[in-house]
Amino acid sequence: MFISPAYAQTAAGPSGGEAALVQFLPLVFIFVIFYFLLIRPQQRRLKEHRAMIDAVKKGDSVVTGGGLIGKVIRVQDGEVEVELAPNVKVRVVKSTLSSVGTPTPANDAAK
């Protein structure tokens, strides 16, 4: 015969419960990496955004999620009234505001 028979041998590595722990350890390590690289920074950004939304007051410049830029006229519980142009006012849900503060002008506006 050209192929010799292979016989199963017992592993010289960890036994029983230790083997399960060694196999489970990489999964725990991957979860820890995901937590510190993905979950924690996202929670921090969400907390900062929520604080920014709660701090909106009359007179602030805001940018909505749709890209509209305007000035806050009135603040209510869950929404704000934004003036986009003279005599053009819209009501916007607070959670759809993407940024609060003075927006930077476009590059062509500086010419």
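Numbering of the sequence shown is given in this note's numbering, commencing with residue 24 and proceeding in unit increments.
All residues carry an ideal CB built from backbone N, CA and C; glycine is no exception.
Problem set entry | Sequence-distant residues of its chain with Cβ nearer than 6 Å to Ser122 (five each side left out) | For the purposes of this step, residue 122 is identified with residue 99 of the sequence shown, where counting begins at 1. Result list for Ser122: Val86, in chain order.
Problem set entry | Element boundaries [beta strand (DSSP E), containing Gly40] | As a position in the sequence shown, residue 40 is number 17, starting the count at 1. From DSSP, Gly40 is part of no beta strand (DSSP E) but of the alpha helix (DSSP H) over 40-57.
Exercise. Pro49 to Leu60, Cα distance in whole Å?
Worked result: Residue mapping note: residue 49 aligns to position 26 of the sequence shown, counting from 1. Residue mapping note: residue 60 aligns to position 37 of the sequence shown, counting from 1. Taking the straight line from one Cα to the other gives about 16 Å.
Problem set entry | Length of the line joining the Cα atoms of Asp100 and Arg114 | In the sequence shown, the residue the question calls residue 100 occupies position 77. In the sequence shown, the residue the question calls residue 114 occupies position 91. Going from the Cα of Asp100 to the Cα of Arg114 covers about 12 Å.
For this session: Return yes when the Cβ of Glu102 is within less than 8 Å of the Cβ of Lys94, no when it is not.
Result: Indexing the sequence shown from 1 puts residue 94 at position 71. Indexing the sequence shown from 1 puts residue 102 at position 79. Cβ distance not < 8 Å, so Lys94 and Glu102 don't count as in contact.
Problem set entry | Segment limits, alpha helix (DSSP H) that includes Lys94 | The sequence position of residue 94 within the sequence shown is 71, counting from 1. Annotation: Lys94 is outside any alpha helix (DSSP H); the continuous beta strand (DSSP E) that includes it extends over 92-98.
Exercise. Three-state secondary structure (DSSP) at Ala74?
Worked result: Counting from 1 along the sequence shown, the entry for residue 74 is found at position 51. Three-state DSSP puts Ala74 in a helix.
Exercise. What residue does the beta strand (DSSP E) around Lys80 start on, and which one ends it?
Worked result: Within the sequence shown, numbered from 1, the residue matching residue 80 stands at position 57. Counting along the chain, Lys80 falls outside any beta strand (DSSP E), and DSSP gives it neither H nor E.
Problem set entry | Through-space distance from Phe54 to Gly124, alpha-carbon basis | Numbered from its first residue, the sequence shown carries residue 124 at position 101. Numbered from its first residue, the sequence shown carries residue 54 at position 31. Going by the C-alpha atoms only, they are around 37 Å apart.
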